[in-house]
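Residue numbers (the working numbering), protein chains in the order written: chain A, 640 to 844; chain B, 640 to 844.
For each residue, glycine too, the CB sits at the ideal point set by N, CA and C.
From a predicted model like this one, the values you see are computed outputs, not experimental measurements.
There are 2 protein chains.
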Amino acid sequence: MVNTVSDISTEQKILTAAREVFFQKGFSGARMQDIADEAGINKALLHYYFRSKEKLFETIFREAFEKLVPRIIEVFSSELPFFDKIRAFCEAYVTMAMENPFIPIFILNEMHRNPEGFEKTFGDIPKKVPHTLLKSVIKRAVDDGLIREIDPPQLIMNMLSLCMFPTISRPMFQLVMNMSDTQFKKMSELRKTEVADFIIQAIKK
Amino acid sequence: MVNTVSDISTEQKILTAAREVFFQKGFSGARMQDIADEAGINKALLHYYFRSKEKLFETIFREAFEKLVPRIIEVFSSELPFFDKIRAFCEAYVTMAMENPFIPIFILNEMHRNPEGFEKTFGDIPKKVPHTLLKSVIKRAVDDGLIREIDPPQLIMNMLSLCMFPTISRPMFQLVMNMSDTQFKKMSELRKTEVADFIIQAIKK
DNA sequence: GTCTATAGTTAGATAGAC
DNA sequence: GTCTATCTAACTATAGAC
């Protein structure tokens with residue numbers, strides 16, 4: 640049977656371990672043995688639950704992707720004033736990036752390594768992102784004279800950059816800036832509000 | 640002999656091929672066979688010129704890192720007015736990222752995958768980055784009342800984010816924003832000046 | 001469901017001829 | 001310097017016992 644307690648528990652152990660290993664080493668750097676060890680089980684069991692390394696990876700990747708592309712819809716389709724939408728968006732993304740520091744680099748890296756593979760495997764995901772909604776909300780703010788003339792994709796790119804790049808660049812940034820872990824965390828914590836302030840001042844009229 | 644024309648040419652062919660393959664697949668995804676094929680030579684020759692995959696990789700990584708951490712010194716130690724420094728910095732970085740689109744994700748990814756390896760192999764590089772210079776130039780601009788109060792590392796992080804994130808996130812961004820290659824390139828071209836404008840407006844008093 | 005043992009494949013690296 | 005052939009190790013995946 641599939642639905643016994645111990646089955647579920649093993650599957651969960653595998654997923655947790657796979658997340659850990661894939662996030663840290665990427666698809667090609669990860670070894671099924673590493674995942675088995677991390678889960679405290681045997682290699683063969685991985686293949687019993689998930690047919691292949693690819694299948695297991697796809698599960699983890701999908702799940703991570705969904706976390707990365709979160710409920711922007713709620714923020715942007717809400718009745719919040721425009722600047723509060725910006726604030727909510729930034730805080731949500733900076734927080735997500737802080738709590739899941741490996742996800743952004745993991746997703747972006749795998750998309751670079753296997754660009755064509757995603758059109759077919761993940762071609763459905765884009766539809767979940769309300770890019771037309773985003774664009775129209777920004778355009779309206781421009782038309783209303785609330786913010787200066789700016790191309791919506793440019794603004795969206797700026798928001799994403801400021802929210803997600805820090806966790807991606809962390810190892811390099813700390814190295815070249817000679818910054819301790821404590822200092823970096825403090826800085827990240829402040830960014831939850833600073834990023835929105837920065838953006839708003841950059842676009843307000 | 641080592642300095643014949645054909646020697647140099649072969650070594651260059653290998654380096655060019657290695658760059659191509661490592662940039663696209665990362666260290667663990669790259670195969671020595673791929674590099675040999677790309678260079679139009681035999682696998683054994685790779686080991687003749689560079690003892691191991693690691694050695695070859697280190698050569699490519701070093702070279703890429705130096706490109707990523709370019710002559711900021713010149714920009715920031717120049718006599719340019721502060722806002723022109725910002726403009727020069729942004730244009731240099733956006734251009735670099737456009738011309739070498741694989742380098743940022745390559746470097747940042749490898750640093751995530753092998754965090755400890757860099758302290759010993761690349762511990763010398765940070766010294767080349769004039770982070771104290773950057774910080775003091777920004778601090779002076781604040782003290783002079785030219786820009787609003789802002790933590791220098793925060794501003795540096797913002798500048799780097801806005802310049803480098805677009806090329807890193809390109810596959811995802813185009814996918815979720817439903818954007819063509821042409822549109823993306825046009826957008827990137829505009830960013831050479833837009834990023835600086837955005838930053839300056841965000842910090843000016 | 002979970003394990004041990006092993007098949008089958010591919011990778012990095014070397015030996016040795018030219 | 002450059003090649004072919006080969007060694008050795010590592011990895012994914014499966015067969016089969018319990």
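Shown here for V660/A: same chain residues with a beta carbon closer than 7 Å to its own, the five before and five after excluded, namely A669, D673, I674, E677 in chain order. Around the CB of G762/A, fewer than 16 other CB atoms lie within 10 Å, so the residue is classed as exposed.
Contacts between H751/B and chain A, judged by CB atoms closer than 7 Å, involve I744, P810 in chain order.
If the five residues before and after M737/B are omitted, its C-beta is found closer than 6 Å to the C-beta atoms of S827, all from its own chain and listed in chain order. Contact annotation for S667/B against chain A: K664, G665, S667, G668 [CB-CB distance below 8 Å, chain order].
Neighbourhood of L814/B in chain A, by CB distance below 9 Å: M750, F757, E758, F761, G762, I764, P765, V768, in chain order. Three or more beta-carbon pairs separated by less than 8 Å are not found between the region 772 to 790 of chain B and the region 751 to 771 of chain A, which leaves the two stretches without contact. Secondary structure note for A683/A: its alpha helix (DSSP H) is the uninterrupted segment 682 to 688. DSSP places S819/B outside any alpha helix (DSSP H), giving it a letter other than H or E.
Sixteen is the threshold: since fewer than 16 other Cβ atoms of the shown chains lie within 10 Å of the Cβ of K694/B, the residue is exposed. S691/A is not a Cβ neighbour of L747/B, given a cutoff of 7 Å.
Neighbours of L801/B in chain A, taken as residues at a C-beta separation under 9 Å, are given in chain order as M796, N797, S800, L801, F804. Here I725/B has M798, A835, I838, I839 as same chain residues with Cβ atoms under 8 Å from its own Cβ, once five neighbours each way along the sequence are excluded.
Per DSSP, the continuous alpha helix (DSSP H) segment holding E697/A begins and ends at 692 to 707.
DSSP, read as helix, strand or coil, puts I744/B in helix. In the structure shown, the three-state DSSP call for I653/B is helix. For I674/A, the nearest beta carbon of chain B is not closer than 7 Å to its own beta carbon. Exclusion of the five residues before and after R787/B leaves I842, K844 as the residues of its chain whose Cβ lies within less than 7 Å of its Cβ.
Rounded to whole angstroms, G679/B and T821/B show a C-alpha spacing of 32 Å. Of the other Cβ atoms in all chains shown, fewer than 16 fall within 10 Å of the Cβ of E755/A; this residue is therefore exposed. Each of F700/A, Y688/A, A731/A was checked against the Cα of M803/A, and the nearest Cα belongs to A731/A. One thing to note: A727/B has its Cβ within 7 Å of the Cβ of V714/B. Under DSSP, K843/B forms a beta bridge with I786/B.
For D836/A, the three-state secondary structure derived from DSSP is helix.
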